[in-house]
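Q: Sharing a structure with you now.
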Amino acid sequence: EVAQRGLHHDHVGALLDVELDFPEGLAYVRGVHLVRAAVAEPGSRQTLRLSLGSAFRHPTLLENHLDLQAAIDVMALDPTGQVDTVEIAVRGNLNLAPERQRFAELSHAVRLARLHTLVSLYYYELHGVYAGPEPLTTFPREGVVRSALSFHNRGTTSGVGGELTVEARLAR
122 EVAQRGLHHD
132 HVGALLDVEL
142 DFPEGLAYVR
152 GVHLVRAAVA
162 EPGSRQTLRL
172 SLGSAFRHPT
182 LLENHLDLQA
192 AIDVMALDPT
202 GQVDTVEIAV
212 RGNLNLAPER
222 QRFAELSHAV
232 RLARLHTLVS
242 LYYYELHGVY
252 AGPEPLTTFP
262 REGVVRSALS
272 FHNRGTTSGV
282 GGELTVEARL
292 AR
């Protein structure tokens with residue numbers, strides 16, 4: 122009974138951020154990201170859990186290497202318009218840094234005879250979020266509009282939220 126009222130479980134996990142250098146055929150560890158959770162049982166029917174951690178996301182192949190160029194013949198769609206061609210260019214960016222995330226979650230669960238409840242609160246922050254800037258639009262010659270964009274690490278976002286779960290068993 123005493124053990125159930127104290128700290129019941131302490132868990133640490135690690136994720137390795139492995140970077141591959143294909144031309145040289147080498148791999149090295151770029152960072153270690155910890156996920157830590159502590160679970161306490163203040164009573165025989167209650168559980169309190171706190172999770173803290175960090176994570177990352179590397180750019181996709183498209184975000185790094187995309188090279189898309191297209192010309193749209195607008196005159197075929199609308200022969201009365203002032204624009205006859207729209208040129209679009211979307212390029213990847215080899216200088217993107219990984220997006221980074223930090224998070225925390227606190228939850229409390231209660232188990233009664235036929236009723237189980239769970240309340241969770243969480244907070245997260247994302248840094249270096251991938252986004253494209255406003256497209257660079259130019260008019261290289263009369264009747265032609267050119268629009269170009271690429272991916273960049275821009276901005277930070279965060280969020281706060283919660284969940285409430287109530288489960289009632291109607292029959293044994």
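Numbered as in the working numbering, the sequence shown ends at 293 without a single skipped number. In this text, a Cβ means the ideal position worked out from N, Cα and C, and glycines have one as well.
1) Can you give me the Cβ contacts of R307 inside the same chain, cut-off strictly under 6 Å, excluding the 5 residues immediately before and after it?
2) Going by alpha carbons, who is nearest to N216 out of T286, Y244, P180?
3) Is it the case that the Cβ atoms of P173 and A161 are separated by a distance below 9 Å?
4) To the nearest angstrom, how far is the alpha carbon of D194 from that of S175?
5) In angstroms with no decimal places, state the Cα-to-Cα distance between R275 and E184.
6) For the beta strand (DSSP E) holding A176, just list the boundary residues, first then last.
7) Counting only runs of 3+ residues fully inside the region 252-276, write out the beta strand (DSSP E) ranges in chain order.
8) Counting only runs that start and end within the region 176-246, where is the beta strand (DSSP E) found for 3 or more residues in a row?
9) In the DSSP assignment, what residue or residues form a beta bridge with E162?
10) In terms of DSSP beta bridges, what is L285 paired with?
11) G280 bridges to which residues according to DSSP?
12) Would E226 and S268 qualify as a contact pair, given that the criterion is a beta-carbon distance under 9 Å?
13) What residue from N214, R166, Q203, A159 has the CA that sits closest to G253's CA?
14) If I measure Cβ to Cβ from G280 and keep anything under 6 Å in the same chain, skipping five residues before and after, which residues do I get?
15) Could you compute how far the alpha carbon of V204 sits from the alpha carbon of V266?
16) Please report the straight-line C-alpha distance between L233 and V250, rounded to a whole angstrom.
17) For T259 and M196, I'd like the C-alpha separation in whole angstroms.
A: The relevant details are as follows:
1) Coverage of the chain is limited to positions 122 through 293, which leaves residue 307 absent and any answer about it impossible.
2) P180
3) Correcting the residue identity first, residue 173 is Leu in this sequence and not Pro. No, they are not a contact pair.
4) 47 Å
5) 14 Å
6) 167-178
7) 257-259, 265-271
8) 188-194, 206-212, 220-232
9) The partner list for E162 (beta bridge, DSSP) is empty, contrary to what the question assumes.
10) V240
11) Y245
12) no
13) N214
14) Y245
15) 7 Å
16) 43 Å
17) 18 Å
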